[in-house]
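Below is one structure, written out as structure tokens; comments come after it.
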Amino acid sequence: MTRLKLESVVKQFGNKRAVNGISFEAREGEIFGLIGANGAGKTTTMRMVLGLIFPDEGKITYEGKPYSAELKSRFGYLPEERGLYPKYKVCDQLLYLAELRGMKRADADRELKAWLERFGVPENYGRKVEELSKGNQQKIQFIAAVIHRPDYLILDEAFSGLDPVNVELLKETIQDLKRRGATILFSSHRMEHVEELCENICILDRSNAVLQGSLREIKRRFPRERVVLATDRPVEGLDRIPGVTSIKRLENGYDIRISDERAAQKILQRAAESAEVTRFEVMEPTLNEIFIKTVGGAAKYE
Amino acid sequence: MNKLGTIIRFTYGSIIRQKSFVVSTVIFLLILSVLAQLPLIISMFSGDNEADRIGIVAPDAARYAALMNEFYGFGGEPSMIIEPVASEAEAAERVENGELAGFLLARGSANINGVPDFEYKSKDALPMKLGELGGGLQYVNQAIARETIGLTAEQAARLSAPVNIVPVQLAGAAGEGKSESEIQLAFGLVYVLLFLLYIGVIGYGNTVATSITAEKSSRVMELLISSVSPMTQMFGKIIGICLVGLTQIALFVIVGALNLAATKDSNPLFSELNINLAELDPMLFVYFFIFYFLGYLIYAAVFAAVGSLVSRTEEVGQVIMPVTLLIVAAFMLAMYGLYNPNAPFVVAMSFVPFFSPLVMFLRIGLGNPELWEILLSIGISAAGVYVMSWIAAKIYRTGVLLYGKLPSWSELRKAMKAFDV
Chain A
0 MTRLKLESVV KQFGNKRAVN GISFEAREGE IFGLIGANGA GKTTTMRMVL
50 GLIFPDEGKI TYEGKPYSAE LKSRFGYLPE ERGLYPKYKV CDQLLYLAEL
100 RGMKRADADR ELKAWLERFG VPENYGRKVE ELSKGNQQKI QFIAAVIHRP
150 DYLILDEAFS GLDPVNVELL KETIQDLKRR GATILFSSHR MEHVEELCEN
200 ICILDRSNAV LQGSLREIKR RFPRERVVLA TDRPVEGLDR IPGVTSIKRL
250 ENGYDIRISD ERAAQKILQR AAESAEVTRF EVMEPTLNEI FIKTVGGAAK
300 YE
Chain V
0 MNKLGTIIRF TYGSIIRQKS FVVSTVIFLL ILSVLAQLPL IISMFSGDNE
50 ADRIGIVAPD AARYAALMNE FYGFGGEPSM IIEPVASEAE AAERVENGEL
100 AGFLLARGSA NINGVPDFEY KSKDALPMKL GELGGGLQYV NQAIARETIG
150 LTAEQAARLS APVNIVPVQL AGAAGEGKSE SEIQLAFGLV YVLLFLLYIG
200 VIGYGNTVAT SITAEKSSRV MELLISSVSP MTQMFGKIIG ICLVGLTQIA
250 LFVIVGALNL AATKDSNPLF SELNINLAEL DPMLFVYFFI FYFLGYLIYA
300 AVFAAVGSLV SRTEEVGQVI MPVTLLIVAA FMLAMYGLYN PNAPFVVAMS
350 FVPFFSPLVM FLRIGLGNPE LWEILLSIGI SAAGVYVMSW IAAKIYRTGV
400 LLYGKLPSWS ELRKAMKAFD V
């Protein structure tokens, strides 16, 4: 069931068009990936979905209905920049935020303790936010976004400042929430995270949606231009095969770039003639490669 | 409504529990207590002191001293005692020993009665006794003159019989307004309450602006406005801080009243100023709260709007400056009005929003405005609060999401159009 739908949404700030006609939809129980360089329009799009700002053109619907104030308690939001009161205790402000989302204080307290337990930081309950490490602050920020079991969860750079162990922990949690039926809008600079979590994505470049759809299809649309080959001894003459653009020698094989998928078979032939092939794979393009190719190597992104 | 309550409770609770808030309140209460007891403390010190002894060096020193002592004795316990001294050198030495506080030295050129000019020599940089000494010498002068003219004691008494003047306020055709002691009491009370009004509005208005900017700079604002409407949030904040203010004022009033009550019989504040607490008009306090609310609300709305425009707490100071100046202007006007409560300009300003709360309150306390004037002023102020809140909510809604430099007016106007409040 389609939960969230954006149709040709436009947002203008002065002379600058921050979002130029973006459309996409996300189902119940789906993680939708928004990717783009800094300033591409991700945060503006997310703020429009949250009703913080309204689109100048186009429309956003929630289960077919336009935005209304009642939706506020069904939203969960993790902003890109940390947004907590540095001087207040974790419990005070999280219970406050949960209450503002319409939760009962007692329920919120139980949930908060459960979440802190789950993230292995129950001792942070009574601490001030400014006393916590960056990673722990991010965990608290995450709890603030999900404590009230939102139907719409907007995660803007959820993993920033986390170590790999905690990134895994959060990834699992996000997938849990998806299984529980939340519609999650997920943005990240780290393509591997998007690749792992999202089924459908939208790549934004300078306010425009330049590429969108299911990740699998997008990948299929891009030619396979990388061959990984492993052999028991060196293979000569690979560079003379038409369509091979570059060869990188690895410890026990080659990482070959090709401009034409047909070259792959010729590489396999040549390798089989002169050595024993232990591995041969025509690699799918990674999202990272697709992104750089689409947005252009010149576009700076982190 | 439920969420408004949550915001008010959180705002109130978080400020009340701050250590800085508790400490500053306690310090203020201590200062207040000391100030309230100050007249008593001073009188305790001065009560122990004996009258100052002052020498006089003149050809007719003994007579002068006798006359002056007679003069100082009129008011009961004399505050100084004059004694004749033979020479300047001796007098100077006795001042050095501490026996004398100072001495009067005759200096040639006598007036028509033969009383010479005097110098007062002492170790004080700014002698406080000159007025009193002058009074004594004047008495001597009169006595000598009396003798020269040959007036009888009765004639002399007629000449110096006292006259009295008492102010009585007229209130319309109805007759007399406030009595003298009522006016004195009202003056003191209005003065104190105006100060509370002024400090309350400026202080808590500041708190509103600062705490909004702090939420903006810590980016918690984005979470807040995605959960609650900005209008609710702004009013929750304003009301919460208003309650903090009322708590503090209530504490001040209670502690102040306890202090005064504890020393009611011995405190010279009451006896000297002729203040009788029974004459207090309870309506004055009712009006105080009405105008406190109106004044606080209209300024707090402006403070909230202004606070929402800047991104960092360091910048708050600059933008609230004009608002602060407006309050100071209103306060200065009210201070002027204390002495001229019926000046046409003061009367006119009591109907102008931003000025009305302070100025109308002062007129109620010291002048005799008609009831319709009071109601009109309250109505105008309330309308001002409504309009200002609406504008502030618009600016707030826009401002809280703008980061970076201050938006220009045209940018702000354009952005404001995008939101319904």
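Line by line, the protein sequences give chains A and V. Under numbering that gives the first Met the number 0, the letters of the first sequence match residues 0 to 301, in that order. Under numbering that gives the first Met the number 0, the letters of the second sequence match residues 0 to 420, in that order. Cβ coordinates follow ideal geometry from the N, Cα and C atoms, glycine included. It should be emphasised that the depicted structure is a prediction, and the values quoted were computed from it without experimental measurement.
Looking at the DSSP output, A/Ser186 sits in a beta bridge with A/Leu33, A/Asp155. Each residue's CA atom was taken as its position, placing V/Leu308 and V/Gly398 some 5 Å apart. Collapsing the DSSP output to three states places A/Lys218 in a helix. Of all alpha-carbon atoms in A/Val234, A/Ala262, A/Leu228, A/Asp204, the one lying nearest the alpha-carbon of A/Ile240 is that of A/Ala262. When rounded, the separation of the alpha-carbon atoms in V/Leu196 and V/Phe302 is 16 Å. Counting of Cβ neighbours within 10 angstroms places A/Trp114 among the buried residues, the total reaching 16 or more. At a cut-off of 8 Å between beta carbons, A/Glu110 makes no contact with chain V. When 7 Å is used as the limit between beta carbons, A/Glu80 is near these residues of chain V: Arg218, in chain order. Within the same chain, and ignoring the five residues on either side of A/Ile257 in sequence, the residues whose Cβ sits closer than 7 Å to its Cβ are Glu224, Val226, Gly242, Val243, Thr244, Ala263. Using a Cβ distance threshold of 8 Å, V/Ala208 and V/Ile30 do not count as a contacting pair. Close partners of A/Leu51 in chain V (Cβ separation under 8 Å): Glu221, Ile224, Ser225, Leu400. Taking V/Pro58 as the centre and dropping the five residues before and after it, the same chain places the C-beta of Ala105 closer than 7 Å to its C-beta, in chain order. Between A/Phe23 and chain V, the shortest Cβ-Cβ separation is not below 8 Å.
Under the three-state reduction of DSSP output, V/Met233 falls in the helix class. With its beta carbon at least 8 Å from every one in chain A, V/Thr212 lies outside the interface. Counting along the chain, the unbroken alpha helix (DSSP H) around A/Thr293 starts and ends at 286-294. Sequence-distant Cβ neighbours of A/Lys15 in its own chain, meaning closer than 7 Å and more than five residues away, do not exist here. Residue state for A/Asn19 is assigned as strand, using DSSP reduced to three classes.
The C-beta of V/Ser388 has 16 or more other C-beta atoms within 10 Å across all chains shown, which makes the residue buried. Contact between the region 352-362 of chain V and the region 325-341 of chain V is established, with three or more Cβ pairs separated by less than 8 Å. For A/Phe279, the uninterrupted beta strand (DSSP E) run begins and ends at 276-282, by DSSP. In this structure, the alpha-carbon of V/Leu401 lies about 8 Å from that of V/Ser310.
Per the coordinates, the alpha-carbon of V/Glu146 lies some 12 Å from the alpha-carbon of V/Gly113. Around A/Lys170, no beta-carbon contact reaches into chain V at under 9 Å, the shortest distance being about 22 Å. When Cβ-Cβ separations below 8 Å define contact, A/Glu156 makes no contact with chain V. For A/Tyr84, the closest Cβ of chain V is nearer than 8 Å. In the three-state scheme derived from DSSP, where H, G and I count as helix and E and B as strand, V/Met387 is classed as helix. For A/Glu130, the closest Cβ of chain V is not nearer than 8 Å.
Below 8 Å, too few C-beta pairs join the region 131-140 of chain A and the region 69-76 of chain A to call them touching: fewer than three.
In the DSSP assignment, A/Ala39 falls outside any beta strand (DSSP E), carrying neither H nor E.
The DSSP-derived three-state label of A/Gln211 is strand. DSSP places A/Gln11 inside the beta strand (DSSP E), whose first and last residues are 1-12. Within the region 42-124 of chain A, the complete beta strand (DSSP E) runs of at least 3 residues fall at 56-61, 74-77.
In this structure, V/Leu242 sits away from V/Ile26, with a CB-CB distance that is not shorter than 8 Å. Counting C-beta pairs with one atom in each stretch, the region 371-391 of chain V and the region 214-222 of chain V have fewer than three that are closer than 8 Å, which means they do not touch.
Taking 8 Å as the threshold, the shortest C-beta distance from A/Phe74 to chain V falls below it.
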